[in-house]
Amino acid sequence: MSDKPSVLFVCVHNAGRSQMAAGWLRHLAGDTVEVRSAGSAPAETVNPAAVQAMREVGIDITDQTPKLLEYETAESSDVIVTMGCGDACPVFPGKRYEDWKLDDPAGKGVEAVRPIRDEIRARVEQLLAELRPTA
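When the letters of the sequence shown are read in order and numbered with full-length UniProt numbering, they come out as residues 1 to 135.
Below, the structure written as structure tokens:
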């Protein structure tokens with residue numbers, strides 16, 4: 001892993017969980033980690049409830065758009081985190097893989113998305129502590 005590790009968050013639609021995780025990591029890590037997110041069947045837009053839930057904690061993800069998971073993006077990432085949504089990623093030797101089992105925020109209001117947002121924050125904080133153990 002380089003001095004600036006790269007983390008890829010993957011979820012089928014890249015519209016909720018993976019966008020919130022990427023938002024948290026960008027917020028907490030600053031420019032010390034390269035943050036990526038993608039999905040195998042990206043939605044048109046980011047989930048509005050996810051946007052609202054993140055806005056409540058001072059993180060703006062309105063400039064993000066769901067992206068298609070590209071082979072090269074996965075291959076060049078140090079850590080690949082799937083969001084418990086059954087999305088398949090190519091497997092490369094030497095990569096760190098995690099699968100975070102999280103409820104799907106699709107179709108839910110912000111009240112239901114808040115606990116998902118908070119669980120993602122806790123997992124991102126743990127991941128960041130492992131990536132930067134001396135920080």
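Heads up, the beta-carbon is just placed ideally off N, CA and C, and yes, glycines get one too.
The continuous stretches of beta strand (DSSP E) do not include residue 51, which lies in the alpha helix (DSSP H) extending over residues 48 to 56.
Between residue 110 and residue 22, the beta carbon gap of about 19 Å keeps them out of contact (Cβ cut-off 8 Å). Secondary structure at residue 114: helix, using DSSP grouped into helix, strand and coil. Taking C-beta atoms under 8 Å as the contact rule, residue 10 and residue 62 fail to qualify, at a distance of about 21 Å. Looking at the DSSP output, residue 68 shares a beta bridge with 39.
For the set 114, 80 and 107, the Cα lying nearest the Cα of residue 99 is the one of 80.
Distance from the Cα of residue 69 is smallest, within the candidate group 24, 103 and 14, for 14. With contacts defined as CB atoms closer than 7 Å, residue 128 and residue 29 qualify as a contacting pair. Each residue's CA atom was taken as its position, placing residue 116 and residue 103 some 7 Å apart. Its chain contains 24 as the residues whose beta carbon lies nearer than 6 Å to that of residue 121, once the 5 sequence neighbours on both sides are disregarded; these appear in chain order.
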